[in-house]
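In my numbering, the protein residues as written are 89 to 281.
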């Protein structure tokens, strides 16, 4: 499950004391996290584990921790005063240099023979996922407390489920409705001053 907000809430106050959450905000954080778990509970309960599934779960947890550490790095260093564009450029430049090296080291094969749908998906992910959303996130981190902003990221997996309903015709479940209400309530509590 999504761990980034906890990494930010636990570690950031150690280097930026003004980012400490109050008790009611911690309650909101736990409610929002629990709501995401509720949203996915049907999948937890009705699927049988696949061999090696733990690797994917571990990578998901690691991604959340790394995202939290990225937020921590931005808020606890001079990057907090850098423009959102500059911070994003630094991240993308490092990624552009490191990713091909890691790919080659892992023995991945490179092919550029993809369908137009695949190229369209890459373009959408590049523009929306790697540019617009990160640029917005960097800007928000400069203007609002990261411990409060990171709670909004609990909406990401819930929105994925909502888009599954809207775009793929998946059923609207009680768990999803409870999750939406829970995430909203958690965000409200964390956002209280």
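All C-beta atoms, glycine included, are put in the ideal place defined by N, C-alpha and C.
Taking a contact to mean a Cβ-Cβ separation below 8 Å, would you say residue 284 touches residue 236 in this structure? There is simply no residue 284 to check, as the chain begins at 89 and stops at 281 in what is shown.
Taking only the alpha-carbon atoms, compute the straight-line gap between residue 192 and residue 218 and give it to the nearest angstrom. 22 Å
Ignore the nearest five residues each way along the sequence and tell me which others in residue 161's own chain have a CB closer than 8 Å to its CB. 167
Identify whether residue 201 lies in helix, strand or coil by the three-state DSSP scheme. coil
Which parts of the stretch 204-236 are runs of the alpha helix (DSSP H), unbroken and 4 residues or longer, counting only runs that do not cross its ends? 204-212 and 221-231
Nearest to residue 118 by alpha carbon, out of 201, 91, 103 and 227? 91
What did DSSP end up calling residue 171 once you bin it into helix, strand or coil? coil
For a quick check, are the C-beta atoms of residue 238 and residue 93 less than 8 Å apart? yes
Whole-number beta carbon distance between residue 246 and residue 127, since they are thought to touch under 8 Å: 6 Å
Is it buried or exposed for residue 144, if we count other Cβ within 10 angstroms and need 16 for buried? exposed
Any chance the stretch 105-114 sits against the stretch 221-230, with 3 or more Cβ pairs inside 8 Å? no
Helix, strand or coil at residue 109 [DSSP, three-state]: coil
Rounded C-alpha distance that separates residue 214 from residue 263: 31 Å
I'd like the list of long-range same chain contacts for residue 242, defined as Cβ closer than 8 Å, with 5 residues on each side in sequence excluded. 90, 93, 120, 121, 123, 124, 271, 274 and 275
Measure from the C-beta of residue 110 to each C-beta in chain D and report whether the shortest distance is under 8 Å. Here chain D cannot be found, since the structure has a single protein chain.
Proximity below 8 Å, CB of residue 223 to CB of residue 172: yes
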